[in-house]
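In this note's numbering, the protein residues as written are 83 to 628.
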């Protein structure tokens with residue numbers, strides 16, 4: 083609404099909410115900080131878990147930032163932007179989601195203090211941009227190189243990602259699996275390496291302990307044999323990968339077949355049978371003893387395959403077919419007529435195993451597979467879900483470290499070093515932007531402060547000690563040792579993170595904070611109530627009433 087010559091002019095529809103200026107900024111900052119505070123207590127090895135119960139009563143217990151935010155039903159648009167920060171961090175790096183959200187919340191908290199000092203939002207935005215750029219350059223200087231052959235350091239990266247999660251008890255065993263899996267699927271390029279973790283299949287089954295998780299040099303299919311008469315184990319497997327159905331195709335157009343005598347029906351059925359037999363004979367002729375089909379396999383075709391001693395799996399997922407192609411060296415064919423012996427994949431063993439209640443197909447002992455599988459075990463469904471999240475984080479950070487070839491040490495060490503150097507940088511900036519750069523430095527210090535708080539330590543004492551040690555020339559790797567309750571050298575403690583994790587967190591957190599700060603007018607339309615659809619009877623009644 084607006085006033086014109088003493089009269090009110092309705093510009094927006096009735097029921098629309100509008101916030102202008104400082105009110106809009108305060109509300110947006112408050113909403114974003116609520117999201118930040120929700121995940122703050124989960125940060126670090128001593129972080130707490132959240133129990134999330136959805137409308138159906140399904141329970142998720144986790145301390146993984148992005149999982150918490152995905153499960154929460156967030157309504158406020160500014161709060162949704164922080165959820166997007168976590169999702170971006172998860173897609174780009176796979177870990178550090180809580181760090182990114184906490185940092186975004188702190189940047190807005192510091193900005194609010196500057197707004198209260200009547201500093202214009204554009205000045206704060208300008209200072210934040212300068213600080214974010216400087217921080218990323220400083221991180222590159224702090225970072226140290228890592229080589230793909232350095233398995234000890236890669237395992238430390240994997241273990242750092244799993245610390246504080248339910249997988250912590252078996253993290254050494256899992257770190258071994260993770261590093262071996264990532265190294266197996268790495269592709270060498272001119273400029274370095276590419277590690278696409280989509281080629282690592284993860285299957286999870288409750289039962290036994292997390293230590294019984296295993297790496298399969300091949301692929302795990304959550305499928306059983308198509309027919310009970312098929313062999314359960316096939317050694318020296320030659321695998322045909324088919325993206326076509328072993329069934330009689332239906333005609334493209336509607337067709338009608340008129341049968342006037344039993345002989346004609348018999349001939350029709352015999353022809354169908356002969357066609358299916360021919361299909362199976364084509365497979366047998368290539369020397370294949372295992373068939374993995376992306377589409378269906380007719381019951382009769384299953385019978386012929388079983389008689390030929392062929393192990394067959396039907397309706398395999400497209401992603402599993404791609405993994406199989408990379409693991410076994412076979413080609414995925416869409417036309418059975420093109421199948422030759424050269425197109426077959428090879429594996430040392432294909433077997434059906436019963437794990438828990440389900441039967442699964444293991445295609446393993448592949449020679450130098452370019453795709454592998456990890457089978458995760460654990461006591462209960464909730465445990466293996468959380469272990470899977472921990473393994474995914476570990477796979478992501480190890481692949482990021484191999485791709486970038488740069489690492490930093492964790493435990494809040496780079497954050498304190500960045501804060502120190504940003505304060506020095508602020509003195510060279512001058513003007514009001516210097517206040518925003520200092521505010522950025524304060525926000526970054528919230529990471530080690532939160533680590534200390536979550537471990538039940540005195541955060542002020544820890545921060546004072548960290549600042550003092552970082553003033554020394556050899557103090558850049560000093561961080562918070564949450565187990566001993568004091569500061570320690572993170573390099574010696576083996577707390578290692580990929581450089582990308584911190585740079586992406588700073589990038590996405592600062593961008594989200596800047597976007598929220600630039601909003602000075604918020605117009606929210608009233609929610610429309612959607613009436614439930616009426617049944618045919620109700621509509622007739624209403625028509626009758628009219």
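All C-beta atoms in this analysis are idealised placements derived from N, C-alpha and C, irrespective of residue type, glycine included.
These numbers come from a predicted model, not from an experiment.
| Would you call residue 534 buried or exposed, if buried means 16 or more other Cβ atoms sit within 10 Å of its Cβ? | The residue labelled residue 534 in the question sits at position 452 within the chain shown. Residue 534 comes out buried.
| Cutoff 7 Å; reference residue 177; Cβ partners in own chain excluding five residues on either side | On the chain shown, residue 177 is found 95 positions in, with the first residue counted as 1. Answer for residue 177: 243, 475, 478, 479, 583, listed in chain order.
| said: Do residue 455 and residue 301 count as a contact pair if the criterion is CB distance below 8 Å? | reply: Translated into the one-based positions of the chain shown, residue 301 becomes position 219. Translated into the one-based positions of the chain shown, residue 455 becomes position 373. In this structure, residue 301 sits near residue 455, with a CB-CB distance shorter than 8 Å.
| request: Pull up the distance between the alpha-carbon of residue 251 and that of residue 108, whole angstroms please. | output: To locate residue 251, count along the chain shown from 1; it is residue 169. To locate residue 108, count along the chain shown from 1; it is residue 26. Approximately 43 Å, taken between the alpha carbons.
| Taking 7 Å as the cut-off, is the CB of residue 297 close to at least one heavy atom of the ligand ZN? | In terms of ligand content, the structure shown is empty, and the ligand ZN therefore cannot be addressed.
| Should residue 560 and residue 527 be called a contact, given that it needs their Cβ atoms to be closer than 8 Å? | As a first step, residue 560 must be located in the chain shown, where it is residue number 478. As a first step, residue 527 must be located in the chain shown, where it is residue number 445. Result no, Cβ atoms of residue 560 and residue 527 do not sit closer than 8 Å.
| task | Under the assumption that residue 237 contacts residue 257 (Cβ atoms under 8 Å), give the Cβ distance between them as a whole number of angstroms. | result | In the chain shown, residue 237 corresponds to position 155, counting from 1. In the chain shown, residue 257 corresponds to position 175, counting from 1. Correct: roughly 4 Å between the Cβ atoms.
| How big is the Cα-Cα spacing for residue 628 and residue 138? | If you number the chain shown from 1, residue 628 lands on position 546. If you number the chain shown from 1, residue 138 lands on position 56. Because residue 628 sits at a pLDDT of 48, beneath the cut-off of 50, its placement in the model cannot be relied upon, and the point is left open.
| So what does DSSP say about residue 434, is it helix, strand or coil? | On the chain shown, residue 434 is found 352 positions in, with the first residue counted as 1. In this structure, residue 434 counts as strand in the three-state DSSP scheme.
| query | What three-state label does DSSP hand residue 577 in the structure shown? | reply | Along the chain shown, read from residue 1 onward, the residue named residue 577 stands at position 495. The three-state secondary structure of residue 577, taken from DSSP, is coil.
| task | Indicate whether the contact test is met: 3 or more Cβ pairs, each with one atom in the region 197–211 and one in the region 146–158, closer than 8 Å. | result | No, they do not touch.
| Hey, residue 473 and residue 260: beta-carbon distance below 8 Å or not? | Counting from one through the chain shown, the residue named residue 473 turns up at place 391. Counting from one through the chain shown, the residue named residue 260 turns up at place 178. For residue 473 and residue 260, yes; Cβs fall inside 8 Å.
| request: Compute the Euclidean distance between the alpha carbons of residue 186 and residue 166, then round it to the nearest angstrom. | output: Walking along the chain shown from the start, residue 186 turns up at place 104. Walking along the chain shown from the start, residue 166 turns up at place 84. Each residue's Cα considered, the two are about 11 Å apart.
| query | Between which two residues does the beta strand (DSSP E) carrying residue 560 extend? | reply | As a first step, residue 560 is located in the chain shown; it is residue number 478 there, counting from the start. That run of the beta strand (DSSP E) goes 560–563.
| request: Give the DSSP bridge partners of residue 375, in chain order. | output: Here residue 375 is taken as the residue at index 293 of the chain shown, counted from 1. BP columns for residue 375 point to 324.
| message | On the criterion of 16 or more Cβ atoms from any shown chain inside 10 Å, does residue 210 qualify as buried, or is it exposed? | response | Along the chain shown, read from residue 1 onward, the residue named residue 210 stands at position 128. Residue 210 comes out buried.
| request: Please say whether residue 536 and residue 115 have beta carbons closer to each other than 8 Å? | output: On the chain shown, position 33 is the one that residue 115 refers to. On the chain shown, position 454 is the one that residue 536 refers to. No, they are not a contact pair.
| query | Along the chain, where does the alpha helix (DSSP H) that runs through residue 497 open and close? | reply | Along the chain shown, one-based indexing puts residue 497 at 415. 495–511 is the span of the alpha helix (DSSP H), which, as asked, contains residue 497.
| request: Would you mind listing the beta strand (DSSP E) stretches within the region 359–406 that are 3+ residues and don't spill past its ends, in chain order? | output: 372–375, 393–395
| Local conformation of residue 127 per DSSP, three classes | On the chain shown, position 45 is the one that residue 127 refers to. Here residue 127 sits in coil by DSSP.
| request: Keeping to the same chain, check which residues put their C-beta closer than 7 Å to that of residue 625; ignore five residues upstream and five downstream. | output: As a position in the chain shown, residue 625 is number 543, starting the count at 1. Summary for residue 625: the model assigns pLDDT 49, below 50, so the residue's position carries little reliability; its value from the coordinates is reported in the next sentence. Excluding sequence neighbours, residue 625 sits near nothing in its chain.
| task | Please say whether residue 153 and residue 141 have beta carbons closer to each other than 8 Å? | result | Taking the chain shown and counting its residues from 1, one reaches residue 141 at position 59. Taking the chain shown and counting its residues from 1, one reaches residue 153 at position 71. Not a contact, by the Cβ cut-off of 8 Å.
| task | Could you check what DSSP says for residue 487 in three-state terms: helix, strand or coil? | result | Counted from its first residue, the chain shown places residue 487 at position 405. Reduced to three states, the DSSP call for residue 487 is coil.
| message | At the level of alpha carbons, what is the spacing between residue 465 and residue 303? | response | Numbered from 1 along the chain shown, position 383 holds the residue referred to as residue 465. Numbered from 1 along the chain shown, position 221 holds the residue referred to as residue 303. Computed Cα separation, rounded: 22 Å.
| field | First and last residue of the uninterrupted beta strand (DSSP E) at residue 570 | value | For the purposes of this step, residue 570 is taken as residue 488 along the chain shown, with counting starting at 1. Segment 568–571, the beta strand (DSSP E) holding residue 570.
| message | Can you tell me whether residue 226 is helix, strand or coil according to DSSP? | response | As a working note, residue 226 is residue 144 in the chain shown. It is a strand residue.
| Curious, which full-length beta strand (DSSP E) runs of at least 3 residues does the region 214–302 contain? | 282–288, 296–298
| task | Verify whether the separation of the beta carbon atoms of residue 323 and residue 222 is less than 8 Å. | result | Taking the chain shown and counting its residues from 1, the one referred to as residue 323 is at position 241. Taking the chain shown and counting its residues from 1, the one referred to as residue 222 is at position 140. A distance of 8 Å or more separates the beta carbons of residue 323 and residue 222.
| Should residue 196 and residue 500 be called a contact, given that it needs their Cβ atoms to be closer than 8 Å? | Here residue 196 refers to the residue found at position 114 when the chain shown is read from its first residue. Here residue 500 refers to the residue found at position 418 when the chain shown is read from its first residue. No, the Cβ-Cβ distance between residue 196 and residue 500 is not below 8 Å.
| Are the CB atoms of residue 471 and residue 292 nearer to each other than 8 Å? | Taking the first residue of the chain shown as position 1, residue 471 is located at position 389. Taking the first residue of the chain shown as position 1, residue 292 is located at position 210. The Cβ-Cβ distance between residue 471 and residue 292 does not fall below 8 Å.
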